[in-house]
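Reviewing the structure listed below.
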Amino acid sequence: MATDSKHARTAFADGPRLLADIGATHARFALQTAPGAYRSVRVLRCDDFDGIVPLLRFYLSEHEDLRLNHAALALANPVDGDYVRMTNRPWAFSTDAVRRELGLTTLLIVNDFTALAMAIPGLKGEDLMQVGPGKPAPHAVLGVLGPGTGLGVSGGIPTVDGFVTLGSEGGHVNFAPSDEREFAILQTAWREWTHVSNERLISGPGMEIIHRALAERNGIDAPPRDSAGIIAAALEGKDPLCLEVLECFCGMLGGAAANLAVTLGAFGGIFIGGGIVPRLGEWFKTSPFRTRFEAKGRFSSYIADIPTYVISTPHVAFDGVANILSEHLRGRSGDNTLMDRIRQLQPELTPAEQRVASLVLEQPRLVLNEPIAGIARLADVSQPTVIRFCRSLGFLGLADFKLKFASSLTGSIPVRHSQVRHSDSTHDLSAKVIDNTVSAILKFRDQLDVRAIDRAIELVSRARRIEFYAMGNARVVALDGQHKFFRFRIPTALYGDSHLFSLAADLLGPGDVVVAISNSGRLPELLAAVDKARAAGADVIAISSSQSPLAKRASVVLAVDHPEDNTSFLSMISRVLQLLLIDIMAVGVSVDVHHARPSSLSSPTQALISHLDS
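Encoded structure:
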């Protein structure tokens, strides 16, 4: 599952992605370093932690040297909105609060069987154990279920772009007994619950209930066993009661799988995951599962051709949750398109492979349409060099590379920085200025320190007074901030003179906030005023380079590290990024006002923000 250090370093432009499959009993973690490549796989017991954040922090403590931007967690739970309350664990959390706590740009929470269904189209023959006859129909619906601590259920519906997965909670449908023995088991379960779902019995805890019910029915004084003990006693010790428990359990699972197959019309097959069935190994092939699956009365012939499989490959949910995360990021700079990967990897390639990389970066559409001979000719390399280039990126060959490359372009060439030249036409210079700004904004977005922004919003939301200190080009940004925050009915002032900085700072006190804006962050008069403000008890928000003297004096730093030589050139892109930070704080203050004082929404003096849907 691990990958070598070269691919770990270069596969994704913004670093590895955190993936997790969190069940009621165990949590499985990995760092995705390339499509299909996982390292640092760990399995942790959920009982050892009292919440989702301590669990994540424990795993991440082993990787403090990494800057993680994107994460996706598959959860054995329904997922609907930001707030998640787990069914089989006393954990509850806000997805966005966890994202901010961990400093992530992206955090997705998805149902674990939705993730499993998303992985199935990519499984190979060696990843599956077929049980019984049947052949999957092409481009057909498939069904997924799996007993573990609960019973997960999902499905996949084919579309022209792949599969759409179902976020199902089908494990909670009513359990329906098929004979007198299963009715006796249901009666035992009724003593504890008025509603008995499939999950209550077709699961690890359900296997324990079946064991207790059959011991009572057979008049056997058997000690209680957990599911692992029942499986071991049946398959290794040949214990008659435990063998009967497994046979009954597999029959029930066959009935549930058949119901799912006819409900979905799953002619693409039924796939069984979860933590229990893979442990049964080859014995499962001879269990009552398939016989019960086909015992559908008038619809037995309908269902007989539907194949059933056990997913035998470990950690398959990683593939699914990785696919969902990649789909979510597609089209953003955080998607780490192949253009990003090639650009980052290029210095490590051989000189000949670098020529292929340059051709791909400069003429991507041409490369997609050319055969290998044409690519080799245009790059002035041999055809084997083209293949070596593709393999350096982790692909099997040119066809595999083109398939992924085409999808990564998503209809347009990714925006990148291009220097404006004196010979450029008005059309070209317009496009370059816009592209350069967009490229900088996208990079800026993925490097934002969200915890610093949270702190800045908190300070300005509760400020008694806000003063903006800025000189030169930065005064435009300060003026924009003064206009915005004054409309929130916060006393706001702007000072753009070095002498006035010092006078104004002398009048500040606790509860006041200074927003100091400077590209260089080195103006002596500005630094002296900031020192006075801090000494008086005021807080200072610096919008400047993260390594500047101003940043080191501030309460909070909102870093703008775009490389612009403002000693020789007029700053342009840095100003846009600074204005964006003002906008982000303004929207944050508006949201804070809306949440804290709902009655103020009706006030005609309350500033409205166009980013909000109010």
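Residue numbers (my numbering): 161 to 774. Built from N, CA and C at the ideal position, the CB exists for glycine as well. All figures in this text were calculated on a predicted structure; none of them were measured in a lab.
{"Item": "Would you mind giving the Cβ-Cβ distance between aspartate 465 and glycine 316, rounded to the nearest angstrom? I have them listed as a contact below 8 angstroms.", "Value": "Not a contact, Cβ separation roughly 18 angstroms."}
{"Item": "The beta strand (DSSP E) that contains aspartate 479, what's its start and end?", "Value": "No beta strand (DSSP E) contains aspartate 479, which is instead part of the alpha helix (DSSP H) from 476-489."}
{"Item": "Comparing C-alpha positions only, which one of Ile502, Thr510, Ala533 and Val541 sits nearest to glutamate 522?", "Value": "Ile502"}
{"Item": "Indicate the three-state DSSP secondary structure (helix, strand or coil) for proline 507 in the structure shown.", "Value": "helix"}
{"Item": "Suppose you measure from the CA of leucine 178 to the CA of leucine 288; what does that come to, to the nearest Å?", "Value": "26 angstroms"}
{"Item": "Per DSSP, which one or two residues make a beta bridge with alanine 187?", "Value": "Ile182 and Leu204"}
{"Item": "Within 10 angstroms of the Cβ of valine 270, are there 16 or more other Cβ atoms? Answer buried if so, exposed if not.", "Value": "buried"}
{"Item": "What is the DSSP secondary structure of glycine 494, counted as helix, strand or coil?", "Value": "For glycine 494, the predicted structure reports a pLDDT of 40, less than 50, and the residue's modelled location is therefore unreliable. The matter cannot be settled from this model."}
{"Item": "Looking at the structure shown, is methionine 412 part of a helix, part of a strand, or coil, going by DSSP?", "Value": "helix"}
{"Item": "Would you kindly report the start and end of the unbroken alpha helix (DSSP H) that includes arginine 551?", "Value": "543-552"}
{"Item": "Thinking C-alpha only, which one of Ile370, Phe565 and Thr255 is nearest proline 337?", "Value": "Ile370"}
{"Item": "Between which residues of its own chain and cysteine 402 is the CB-CB distance below 6 angstroms, once the five residues before and five after are set aside?", "Value": "Ile390, Ala393 and Ala394"}
{"Item": "Specify the secondary structure class of arginine 576 as computed by DSSP and reduced to three states.", "Value": "Low per-residue confidence applies at arginine 576: pLDDT is 44, beneath 50, and the placement is therefore not dependable, though the value from the model is reported in the following sentence. Coil."}
{"Item": "Tell me which residue opens and which closes the beta strand (DSSP E) that phenylalanine 253 is part of.", "Value": "252-254"}
{"Item": "In whole angstroms, give me the CA-to-CA distance for isoleucine 742 and arginine 259.", "Value": "22 angstroms"}
{"Item": "Compare the beta carbon distance of isoleucine 182 and alanine 234 with 9 angstroms and say whether it is the shorter of the two.", "Value": "yes"}
{"Item": "Among residues of its own chain, excluding the 5 on either side of leucine 619, which ones have a beta-carbon nearer than 8 angstroms to its beta-carbon?", "Value": "Val673, Asp699, Ile701, Ser715 and Val716"}
{"Item": "How big is the Cα-Cα spacing for alanine 373 and glutamate 342?", "Value": "9 angstroms"}
{"Item": "Ignoring anything shorter than 3 residues, give me the beta strand (DSSP E) runs that lie fully in the region 636-704, in order along the chain.", "Value": "652-655, 672-677 and 699-704"}
{"Item": "Could you give the C-beta distance for valine 637 and glutamine 506, rounded to a whole number, given that I count them as a contact under 8 angstroms?", "Value": "Not a contact, Cβ separation roughly 36 angstroms."}
{"Item": "Please go through the region 207-236 and give each complete alpha helix (DSSP H) segment of 4 or more residues, from N-terminal end onward.", "Value": "212-220"}
{"Item": "Which residues in the same chain have their Cβ closer than 7 angstroms to the Cβ of lysine 692, if we skip the five residues on either side of it in sequence?", "Value": "Ser662, Ala665 and Asp666"}
{"Item": "Skipping 5 residues on each side, what residues in its chain have a beta carbon closer than 8 angstroms to that of asparagine 334?", "Value": "His355, Val356, Ser357 and Asn358"}
{"Item": "Using a Cβ-Cβ cut-off of 7 angstroms (strictly less than) and excluding sequence neighbours within five positions of aspartate 386, which residues of its own chain qualify?", "Value": "Glu368"}
{"Item": "Please name the residue in Ala696, Ile733, Gly534 and Ser678 whose C-alpha comes closest to that of leucine 710.", "Value": "Ser678"}
{"Item": "Which residues in the same chain as arginine 625 place their Cβ atom closer than 6 angstroms to its Cβ, once the five residues preceding and following it in sequence are excluded?", "Value": "Pro651 and Asp672"}
{"Item": "At a cut of 8 angstroms, does the region 242-250 reach the region 441-457 through at least three beta carbon pairs?", "Value": "no"}
{"Item": "Along the alpha helix (DSSP H) that carries alanine 630, what are the first and last residues, could you check?", "Value": "Premise fails: alanine 630 lies in the beta strand (DSSP E), 625-630, not in any alpha helix (DSSP H)."}
{"Item": "Going by Cα to Cα distance, which pick from Leu686, Val422, Phe604 and Ala184 is closest to proline 804?", "Value": "Nothing about residue 804 can be reported from this structure: the residues present for the chain run from 161 to 774 only."}
{"Item": "Along the chain, which unbroken stretches of the beta strand (DSSP E) at least 3 residues long are found entirely within the region 449-474?", "Value": "468-471"}
{"Item": "Between Ala696, Leu302 and Ala634, which has its C-alpha nearest serine 680's C-alpha?", "Value": "Ala634"}
{"Item": "Does the region 508-519 come into contact with the region 541-549, if we say contact requires no fewer than three beta-carbon pairs (one atom in each stretch) closer than 8 angstroms?", "Value": "yes"}
{"Item": "Less than 9 angstroms between the C-beta atoms of alanine 187 and valine 476, yes or no?", "Value": "no"}
{"Item": "For leucine 215, tell me which candidate among Glu261, Gly196, Tyr198 and Thr247 has the shortest Cα-Cα distance.", "Value": "Glu261"}
{"Item": "With DSSP as the reference, label arginine 249 as helix, strand or coil.", "Value": "coil"}
{"Item": "What does a CB cutoff of less than 6 angstroms around glycine 748 pick up in its chain, not counting 5 residues either side in sequence?", "Value": "Ile617"}
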